[in-house]
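Report on one structure; see the data block that follows.
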Amino acid sequence: MKVLLINGSPRAEGNTSVALNEMIKIFEAENVETELVHIGNKTIRGCVACLKCFELGHCVFKDIVNEVAPKFMEADGFVVGTPVYYGSPNATTLAFLDRLFYSTFTKDKTMKVGAGVVICRRGGASSSFDVLNKYFAITGMAIAGSQYWNMVYGLEKGEATQDAEGLQTMRTLARNMTFLMKSIALGKEQFGLPQKEEITFTHFIR
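Taking the working numbering, the leading residue of the sequence shown gets 426, the next gets one more, and so forth.
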């Protein structure tokens with residue numbers, strides 16, 4: 426099993442890192458390979474809807490999105506950690522996810538396990554968590570839950586280490602992800618993936 430973790434915070438060693446590293450400890454104890462990629466300090470432009478990715482097989486903008494895309498497709502699990510800005514994931518994380526998921530639209534993500542992790546001072550965690558889950562839900566991924574919403578609290582660097590409940594939530598999330606990934610792998614061997622129909626698009630035009 427392998428999990429790819431994304432740190433969307435501009436601070437590589439901030440509270441988002443604290444939360445993700447708590448998960449990594451559990452993954453390593455469960456013999457799950459991990460890779461952590463820090464994108465929060467990168468310049469990542471948003472999707473421009475040029476549709477070139479359908480022609481090229483990758484995003485037209487040559488940056489970290491294209492570097493991460495093959496790792497994303499190879500991984501059994503995918504974790505996105507983001508700080509909360511104005512009640513939403515920060516702009517860099519959203520631009521990254523928009524382009525990552527759209528440029529890999531034709532690549533099957535069915536039953537890949539996804540988890541969003543959000544870090545905030547006080548408010549906006551649940552709304553940000555909801556935004557992250559939509560990327561997984563719309564692409565047929567399995568969404569991992571924990572004992573509470575996947576959130577950790579902290580403002581100043583290192584304050585997340587004081588959120589005992591939040592860190593326990595991260596550990597539980599990592600264990601649940603490990604169980605899901607292993608169970609799905611066994612299910613694939615015995616039953617295969619769910620049957621797929623050709624996608625039907627409905628457009629209402631006046």
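Note that CB positions come from ideal geometry on N, CA and C, so glycine has one too. All values reported here derive from a predicted model rather than from experimental measurement.
Annotated three-state conformation of M606 is helix, per DSSP.
Counting only runs of 3+ residues, the beta strand (DSSP E) found wholly inside the stretch 448–534 occupies 458–463 and 502–510, in chain order. Distance between G583 and E622, taken at the CA atoms: about 47 Å.
With respect to D501, K467 sits apart: the two C-beta atoms are not nearer than 8 Å. Under the Cβ criterion (8 Å, minimum of three pairs), the stretch 591–606 counts as touching the stretch 562–578. The three-state reading of DSSP puts G539 in strand, counting E and B together. Note that the C-beta distance between L525 and F497 is below 8 Å. Collapsing the DSSP output to three states places K582 in coil.
Taken atom to atom, the span from the alpha-carbon of F521 to that of D588 is near 28 Å.
Annotation: the continuous alpha helix (DSSP H) that includes N558 extends over A550 to A562.
The residues G541, V543, W574, N575 and M576, in chain order, have a CB closer than 7 Å to that of F554 in the same chain once the five nearest residues on each side in sequence are set aside. K621: not part of any beta strand (DSSP E); DSSP gives it neither H nor E.
Under the DSSP definition of a beta bridge, V428 partners with T459 and G502.
Per DSSP, reduced to three states, the secondary structure at M576 is strand. Here A589 carries a helix assignment [DSSP, helix/strand/coil]. Shown here, A599 sits in a helix according to DSSP, grouped into three states. Looking only at V457, S571 and V462, the smallest Cα-Cα distance to T507 is reached by V462.
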